[in-house]
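Letter by letter, the sequence shown follows residues 60 to 463 in this note's numbering.
We put the CB at the ideal spot given by N, CA and C, even for glycine.
What follows is a single structure, written as structure tokens, with notes after it.
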Amino acid sequence: MNKKPSVLMVGLGYIGLPTAALIAKNKAYVHGVDVNPKVVETINAGKVHIVEPELDKAVLEAVNEGYLKADTKPVEADNYLIVVPTPFKDKNEPDISFVEAATRAILPLLKKDDLYIIESTSPIGTTEKMMGLIYTERPELKGSLNIAYCPERVLPGNVMYELVHNDRVIGGIDEKSTEKAVFFYRQFIKGELHKTNARTAEMCKLVENSSRDVQIAFANELSLICDKADINVWELINLANKHPRVNILQPGCGVGGHCIAVDPYFIVADYPMESQIIGKAREINNYKSFWCAEKVQTAKLEFELKHGRKPSIALMGLAFKPDIDDLRESPAKYIAQKVLQNANNEDYYIVEPNIETHTVFKLTNYKAAAEKADIIVYLVAHKEFKSLQLSINKVVLDFCGIIE
Ligand code: SAJ
Numbered sequence: 060m061n062k063k064p065s066v067l068m069v070g071l072g073y074i075g076l077p078t079a080a081l082i083a084k085n086k087a088y089v090h091g092v093d094v095n096p097k098v099v100e101t102i103n104a105g106k107v108h109i110v111e112p113e114l115d116k117a118v119l120e121a122v123n124e125g126y127l128k129a130d131t132k133p134v135e136a137d138n139y140l141i142v143v144p145t146p147f148k149d150k151n152e153p154d155i156s157f158v159e160a161a162t163r164a165i166l167p168l169l170k171k172d173d174l175y176i177i178e179s180t181s182p183i184g185t186t187e188k189m190m191g192l193i194y195t196e197r198p199e200l201k202g203s204l205n206i207a208y209c210p211e212r213v214l215p216g217n218v219m220y221e222l223v224h225n226d227r228v229i230g231g232i233d234e235k236s237t238e239k240a241v242f243f244y245r246q247f248i249k250g251e252l253h254k255t256n257a258r259t260a261e262m263c264k265l266v267e268n269s270s271r272d273v274q275i276a277f278a279n280e281l282s283l284i285c286d287k288a289d290i291n292v293w294e295l296i297n298l299a300n301k302h303p304r305v306n307i308l309q310p311g312c313g314v315g316g317h318c319i320a321v322d323p324y325f326i327v328a329d330y331p332m333e334s335q336i337i338g339k340a341r342e343i344n345n346y347k348s349f350w351c352a353e354k355v356q357t358a359k360l361e362f363e364l365k366h367g368r369k370p371s372i373a374l375m376g377l378a379f380k381p382d383i384d385d386l387r388e389s390p391a392k393y394i395a396q397k398v399l400q401n402a403n404n405e406d407y408y409i410v411e412p413n414i415e416t417h418t419v420f421k422l423t424n425y426k427a428a429a430e431k432a433d434i435i436v437y438l439v440a441h442k443e444f445k446s447l448q449l450s451i452n453k454v455v456l457d458f459c460g461i462i463e
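Structure follows, in structure tokens:
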């Protein structure tokens, strides 16, 4: 790349890389920065380090046409995007040190009128905090930069489509910043761009994922009640959803992934007294995974009492949701680990059709596992499992609605 980049993207992960590729596709020069030299090397070779449909093609094109270059060091640009992770120091405290480090790294490069945007999921007030940091270190720029927050809302597995077509919420620290950020995103996003302030935009991201977590917790709570009340929860939810204003989500073996299982804590950490439902939803969804593991244990013991021998058990699915290969924060993986910790000479078949091998689990083909095992535990509703014909003597624990 010979031209001065238009965009300096800090963070080339699950969101940063697809966003960089999309901007580059629109013929703007993107200089992507990542702390991991292997990631940089992979991208510059036109390859990708994450699994996401269409991403490999987009990155290859962007690199080949010279619109995307990866590096470990930032360079001067007009638009700076911070798309780094915001993990937890411990369960209750969000860690914005990556956002801060990224901001410090680009600080010396900033100039009047530049646009600085944070996309990373962040606690409320982070954008203002970073503005404070920037203007403390570069007081001569005070008031002349455009600073905004704009969260991503793409669904893993459909990122390349949703990046373009989803609506976005854009919140500047003042109106000028909001307008400048809207102008920037308008160049490559077809969804509507909704203007607000930075704090509201930060909260909006957290609220979207918390809302879904609370709704899933409601479904999971129903599944616990129904189990005791001897009611089929899937039938119940289906019937309740026939009401024109009721739309209950599906229970499962817990909530996973790097977003919904994490983001609500950003609110709970800062507003513990006020966020009662949000905090409780996290507890219920976590408890559901523990409960599933206990159910497997009980089924094992019941089988042994009834048949006078140890059962063999198939654990069907490890991913954090159906039809993906992503095991991050996966409740199914947690349950499999817990069940194996309680193993007592039973045979186990661990199944995950979306990955070939795993460093910890020895994987078995799903058809073979379903045929051999006495107890079939459905953890993830992968499409492959739906067509399985099980013989009637199997004990089935269906935690994700496969046989429904
Ligand atoms: N789940 C259920 N029951 C349901 C729906 C989902 O148990 O009815 C479980 C899934 O199995 C999974 C977890 O919830 O374990 C999360 O899956 P998901 O498909 O609901 O969401 P994610 O984590 O893949 O993506 C979410 C999305 N947020 C919302 O839908 C509000 C996405 O739009 C965000 O961009 C993403 O988080 C993110 O990056 O924040």
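Determine the extent of the alpha helix (DSSP H) in which THR255 is found, giving its start and end residues.
Mapped onto the sequence shown, residue 255 falls at position 196. Counting along the chain, THR255 falls outside any alpha helix (DSSP H), though it belongs to the beta strand (DSSP E) covering 252-256.
Mind pulling the beta strand (DSSP E) runs of 3 or more residues that sit fully within the segment 209-257?
227-231, 252-256
ASP289 burial status per 10 Å Cβ neighbour count (16 or more: buried)
Here residue 289 refers to the residue found at position 230 of the sequence shown. Exposed: under 16 other Cβ atoms inside 10 Å.
Residue burial classification, LEU360 (beta-carbon count within 10 angstroms, cutoff 16)
The residue labelled residue 360 in the question sits at position 301 within the sequence shown. When all chains shown are included, LEU360 counts as exposed.
For a quick check, are the C-beta atoms of GLU280 and ILE343 less than 7 Å apart?
By one-based count along the sequence shown, residue 280 stands at place 221. By one-based count along the sequence shown, residue 343 stands at place 284. Their beta carbons are under 7 Å apart, which means GLU280 touches ILE343 by this criterion.
GLU261: beta carbon under 6 Å from a heavy atom of ligand 1?
The residue labelled residue 261 in the question sits at position 202 within the sequence shown. Answer for GLU261: no, Cβ out of range of ligand 1.
What do you get for ALA402, buried or exposed, if any count of 16 or more other CB atoms within 10 angstroms of its CB means buried?
Translated into positions along the sequence shown, residue 402 becomes position 343. Answer is exposed; the Cβ neighbour count stays below 16.
Thinking just about the alpha-carbon of each residue, which of GLY125, TYR244, GLU221 is nearest to the one in VAL175?
The count along the sequence shown starts at 1 and reaches residue 175 at position 116. Looking at the sequence itself, residue 175 is Tyr, so the reference to Val does not match. The candidate whose alpha carbon is nearest that of TYR175 is TYR244.
Kindly examine ligand 1 and report whether one of its heavy atoms sits closer than 6 Å to the Cβ of ASN268.
One-based indexing of the sequence shown puts residue 268 at position 209. Yes, since a heavy atom of ligand 1 falls inside the 6 Å radius drawn around the Cβ of ASN268.
Pick helix, strand or coil for PHE147, following the three-state DSSP scheme.
Here residue 147 corresponds to residue number 88 of the sequence shown, with the count starting at 1. Residue state, collapsed to three classes: strand.
Identified DSSP bridge partners for ASP289
Locating residue 289 in the sequence shown gives position 230, counting from the first residue. Note: ASP289 sits in no beta bridge, so no partner.
By the DSSP assignment, the beta strand (DSSP E) with HIS90 in it spans what residues?
Counting from one through the sequence shown, the residue named residue 90 turns up at place 31. First-last of the beta strand (DSSP E) with HIS90: 89-92.
Candidates ASN297, VAL92, ASP154: which alpha carbon is nearest PRO133's?
Here residue 133 is taken as the residue at index 74 of the sequence shown, counted from 1. PRO133 has its Cα closest to that of VAL92, out of ASN297, VAL92, ASP154.
Report the rounded CA-to-CA distance for ALA278 versus ASP272, giving the unit in angstroms.
Along the sequence shown, read from residue 1 onward, the residue named residue 278 stands at position 219. Along the sequence shown, read from residue 1 onward, the residue named residue 272 stands at position 213. Roughly 10 Å between the two C-alpha positions.
Own chain, CB closer than 7 Å to LEU166, minus 5 neighbours either side, in chain order
As a first step, residue 166 must be located in the sequence shown, where it is residue number 107. Correct list, in chain order: ILE193, GLU196, ARG197.
Based on the DSSP secondary-structure assignment, which residues constitute the bridge partners of ALA207?
For the purposes of this step, residue 207 is taken as residue 148 along the sequence shown, with counting starting at 1. Paired residues: ILE176, GLY231.
Please classify LYS132: does DSSP put it in a helix, a strand, or coil?
Taking the sequence shown and counting its residues from 1, the one referred to as residue 132 is at position 73. Coil, per DSSP.
Bridge partners - ASP406, DSSP secondary structure assignment:
Within the sequence shown, the letter at position 347 stands for residue 406. In DSSP, ASP406 forms a bridge with SER371.
If you check the beta carbons only, do LYS354 and GLU363 fall under 7 Å apart?
Numbered from its first residue, the sequence shown carries residue 354 at position 295. Numbered from its first residue, the sequence shown carries residue 363 at position 304. Cβ atoms of LYS354 and GLU363: not closer than 7 Å.
Cα-Cα, which of ASP433, TYR324, HIS253 is closest to GLY231?
For the purposes of this step, residue 231 is identified with residue 172 of the sequence shown, where counting begins at 1. Minimum Cα distance to GLY231 is reached at HIS253.
Taking contact to mean at least 3 C-beta pairs separated by less than 8 Å, is the segment 309-328 in contact with the segment 175-184?
yes
Span of the alpha helix (DSSP H) holding VAL110?
By 1-based counting over the sequence shown, the position of residue 110 is 51. First-last for VAL110: undefined, no H or E at that position.
Near PRO412, what residues of its chain come up, given a Cβ to Cβ distance below 7 Å and the 5 sequence neighbours on each side ignored?
Locating residue 412 in the sequence shown gives position 353, counting from the first residue. Only TYR425, HIS441, GLU443 meet the Cβ criterion.
In chain order, what are the residue ranges of uninterrupted beta strand (DSSP E) at least 3 long that sit wholly in the segment 320-406?
371-375
Restricting to Cα atoms, I'd like to know which of PHE458, CYS459, VAL436 is closest to LEU449.
By one-based count along the sequence shown, residue 449 stands at place 390. The residue with the shortest Cα to Cα distance from LEU449 is VAL436.
Examine the Cβ distances between the segment 330-339 and the segment 389-400 and report whether three or more of them are shorter than 8 Å.
no
Close Cβ partners of ALA161 (< 6 Å) along its chain, the five nearest in sequence each way excluded
On the sequence shown, position 102 is the one that residue 161 refers to. Counting only Cβ-Cβ distances below 6 Å, and skipping sequence neighbours, we find VAL69, ILE141, VAL143.
Could you check whether the Cβ of MET219 sits closer than 7 Å to any Cβ belonging to chain B?
No chain B is part of this structure, which consists of one protein chain only.
So, do the segment 292-309 and the segment 214-228 have three or more beta carbon pairs nearer to each other than 8 Å?
no
Going straight from the alpha carbon of ARG341 to that of SER269, what length do you get?
As a working mapping, residue 341 is identified with position 282 in the sequence shown. As a working mapping, residue 269 is identified with position 210 in the sequence shown. Looking at the two C-alpha atoms, the distance is approximately 9 Å.
So, helix, strand or coil for GLU100, using DSSP?
Residue mapping note: residue 100 aligns to position 41 of the sequence shown, counting from 1. Correct three-state label for GLU100: helix.
Alpha carbon to alpha carbon, how far is GLY316 from ASP173? Give it in angstroms, no decimals.
Start at 1 with the first residue of the sequence shown, and residue 173 comes out as number 114. Start at 1 with the first residue of the sequence shown, and residue 316 comes out as number 257. If you take the alpha carbons of ASP173 and GLY316, they lie about 34 Å apart.
Less than 6 Å between the CB of VAL305 and some heavy atom of ligand 1, yes or no?
Sequence index remark: in the sequence shown, residue 305 carries index 246 (1-based). No, ligand 1 has no heavy atom inside 6 Å of this Cβ.
Look up TYR437 in the DSSP assignment and say whether it is helix, strand or coil.
Here residue 437 corresponds to residue number 378 of the sequence shown, with the count starting at 1. Strand at TYR437.
Do the CB positions of ILE461 and ILE372 come within less than 7 Å of each other?
Here the question's residue 461 lines up with position 402 in the sequence shown. Here the question's residue 372 lines up with position 313 in the sequence shown. Taking 7 Å as the Cβ cut-off, ILE461 and ILE372 do not qualify as a contacting pair.
Neighbour-count burial assignment, LEU168, 16 or more Cβ in a 10 Å radius:
Counting from one through the sequence shown, the residue named residue 168 turns up at place 109. The residue is exposed, with fewer than 16 neighbouring Cβ atoms inside 10 Å.
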